[in-house]
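Residue numbers (my numbering): 25 to 249.
What follows is a set of notes on a single structure, which appears directly below.
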């Protein structure tokens, strides 16, 4: 897998580049190498293909970009590692469900490298933490209140993908050290009142290059045949 650290780049040109890369490999049907792009975007809201406008509360001066990825509205901004795996699932020998599982596993492993326990919530893709006790392994037992899957949790990583003829684009975003205020302008991923957090808010001191490198290492391991 070819790993490309793009740095801070505007969202729309990056989206267009992903589309072009995927269209070219689909049309050629050649055995092109998979790539992993890691970047940081200026403040941008992105809306999934089934996104409902009522989840976009007060965008203000932050642009909203409609996309073809799955999921609802989310936010990208400085201090967030955004990763775009451009992977041929047919060559990897897996289907979409397994692909999502592996993306989440890479995020969980990255958080674990910082002493943070990452959690899945059934039916709500992405990774969550317990802000009150982010390193507690007991948290893996799941929410204390089965009536509220998000009780005591905050979302630290979002996931939204698109697959075109076995080839993936779009991807995931890990909040490292960012201003979380824009998340209050939306219902994150379509969930009203869902709390979001970032590594710095739960006591982890790291920088963007370190977090991007750790995530790239875990994603490469998960997505290499």
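Cβ atoms here follow ideal geometry from the backbone N, Cα and C, with glycine treated the same way.
All of these numbers come straight from a predicted model, not from anything done at the bench.
List the endpoints of the continuous alpha helix (DSSP H) containing residue i.
i           : result
residue 237 : 232-247
residue 123 : 120-136
Could you work out which residue in the options is closest to residue i when comparing CA atoms only?
i           : options            : result
residue 206 : 47, 31, 85, 32     : 85
residue 104 : 248, 239, 245, 244 : 239
residue 180 : 228, 77, 186, 108  : 228
residue 34  : 249, 130, 66       : 66
residue 189 : 44, 39, 50         : 50
residue 58  : 42, 225, 157       : 42
residue 149 : 185, 106, 56       : 185
residue 195 : 62, 36, 44         : 62
residue 217 : 225, 176, 192, 134 : 176
residue 26  : 70, 110, 71        : 110
So, helix, strand or coil for residue i, using DSSP?
i           : result
residue 65  : coil
residue 163 : With a pLDDT of 49 at residue 163, under the threshold of 50, the modelled position of this residue cannot be trusted; read the value that follows with caution. Helix, per DSSP.
residue 31  : strand
residue 78  : helix
residue 56  : coil
residue 90  : strand
For residue i, report the span of its beta strand (DSSP E) as first-last.
i           : result
residue 99  : 98-100
residue 198 : 191-199
residue 149 : 148-153
residue 209 : Unbroken run through residue 209: none, as it is neither H nor E.
residue 143 : 143-145
residue 183 : 178-188
residue 223 : Neither: residue 223 is in no beta strand (DSSP E) and is coded neither H nor E.
residue 110 : 104-110
Do the region 218-236 and the region 115-131 touch if we need at least three Cβ pairs shorter than 8 Å? Contact between the region 218-236 and the region 115-131 is not established, with fewer than three Cβ pairs separated by less than 8 Å.
When the Cβ atoms of the region 95-115 are set against those of the region 198-215, are three or more pairs found closer than 8 Å? A contact exists between the region 95-115 and the region 198-215.
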